[in-house]
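Let me begin by presenting the structure, written as C-alpha cells, before commenting on it.
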C-alpha cells in the first residue's frame, strides 16, 4: 500500500530561518505527492503537488518541495520562515494509477518563534 | 473562487443517534471523498465516490456509515448509530476529472458524541 512517513511531529524554527519538513513515501508505482497545510480551525489547503513533471515543485507562500526518487523523499522547504507559517503540515500520496484516495502522513506541527 | 462547503460546522449528539453530515462539492467536480481526523491524529480516508457509487472505502467505513448524493449538488455522510469513538472532524473533499488534480477540502464538520 502507498504511504508516507513524516519525520518529526513538531518542528520549531525562528522567524527568518530555513523551514525543512521531511516526508518519505512508499509506493509500488510512480506516485503523485502532495503537501497540504492546515491552519487552526480550518480545512486542508493545498501547498503544492508533484505529478511526475518537474522534480522541483514550487507552491504557494514561498514553499517548494523536491521529489527525489533515489531517496523516496518529498521534503518541503521554505528559505525564510514567517510567523504566519505556523500551522500543521501534511504530506500525502496517491498512486498515479488510482483515481481515488489520498493517504496522509501524521502531520508535522510547525512553530515559528520570534 | 469555488469552494467545498460543509454543514454543520459542529454537531453534538448522543451515543446511538443518527447523524448526517452534508457537503456541497465544487460544482464541476466528479470525485467526492470523506476523510476524518480524530483530535491529535492524522487525517484518515473513509470513502471515495464517483459516478453515483462508492469507488473505494477504508476499513473504518463499516456498515454504520453510508454516503449518498441525493441531488446534483449535495454529498452526505450518514452515521447510523454513533459511538464515542466517532467523535472527530469530518472533511469532505472533491476533485475534477484530471488524474493529476488535487483534492479541494471543506473546512470540516466537528462531530462530538457524548
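Chains as they are written, first to last, in the numbering used here: chain U, 331 to 444; chain P, 7 to 120. Every residue, glycine too, gets a C-beta built ideally from N, C-alpha and C. None of these values were measured; they are calculated from a predicted model.
Kindly list, in the order they appear in chain U, the residues whose Cβ is closer than 7 Å to that of residue i.
| i | result |
| --- | --- |
| residue 84 of chain P | In chain order: nothing, as chain U lies at least about 20 Å away. |
When the Cα of residue i is compared with those of the options, which residue comes out closest?
| i | options | result |
| --- | --- | --- |
| residue 347 of chain U | U:423, U:401, U:434 and U:415 | U:415 |
| residue 83 of chain P | P:9, P:101, P:118 and P:54 | P:54 |
| residue 75 of chain P | P:14, P:115, P:24 and P:39 | P:39 |
| residue 11 of chain P | P:69, P:67, P:80 and P:30 | P:30 |
| residue 69 of chain P | P:87, P:58 and P:32 | P:87 |
| residue 106 of chain P | U:408, U:403, U:360 and U:407 | U:360 |
DSSP three-state label for residue i, please.
| i | result |
| --- | --- |
| residue 391 of chain U | helix |
| residue 413 of chain U | helix |
| residue 90 of chain P | helix |
| residue 347 of chain U | coil |
| residue 363 of chain U | strand |
| residue 425 of chain U | strand |
| residue 375 of chain U | strand |
| residue 439 of chain U | strand |
| residue 194 of chain P | In this structure chain P extends from 7 to 120, so residue 194 of chain P is not present and cannot be described. |
Residue i versus chain P: which residues are under 7 Å apart at the beta carbon?
| i | result |
| --- | --- |
| residue 381 of chain U | 106 |
| residue 420 of chain U | 49 |
| residue 372 of chain U | 113 |
| residue 362 of chain U | 106 |
Mind listing the chain P neighbours of residue i? Cutoff is C-beta to C-beta under 8 Å, in chain order.
| i | result |
| --- | --- |
| residue 436 of chain U | 47 and 48 |
| residue 440 of chain U | Simply none; closest approach about 16 Å. |
Does the Cβ of residue i lie closer than 8 Å to at least one heavy atom of the ligand HEM?
| i | result |
| --- | --- |
| residue 80 of chain P | Summarising the ligand content, the structure contains no ligands, and the ligand HEM is consequently not present. |
Please name the residues in the segment 93-114 of chain P whose beta-carbon is closer than 7 Å to at least one beta-carbon of chain U, in chain order. Listed by position along the chain: 97, 105, 106, 108, 109, 111, 112, 113 and 114.
For the segment 34-50 of chain P, list every residue whose C-beta sits within 9 Å of some C-beta in chain U, in sequence order. The residues in question are 37, 39, 41, 43, 47, 48, 49 and 50.
Selection of the segment 58-83 of chain P by Cβ proximity to chain U, strictly under 7 Å: Within the segment 58-83 of chain P, those residues whose Cβ lies closer than 7 Å to any Cβ of chain U are, in chain order, 61 and 62.
Name, going along the chain, the residues of the segment 375-401 of chain U whose beta-carbon falls closer than 7 Å to a beta-carbon of chain P. Those residues of the segment 375-401 of chain U placed with their C-beta closer than 7 Å to a C-beta in chain P are 376, 379 and 381, ordered along the chain.
Let me know the beta strand (DSSP E) ranges lying completely inside the segment 32-116 of chain P, each 3 residues or longer, listed in chain order. Residue ranges of uninterrupted beta strand (DSSP E) with 3 or more members, entirely inside the segment 32-116 of chain P and ordered along the chain, are 37-43, 49-56, 59-63, 71-74, 81-85 and 94-101.
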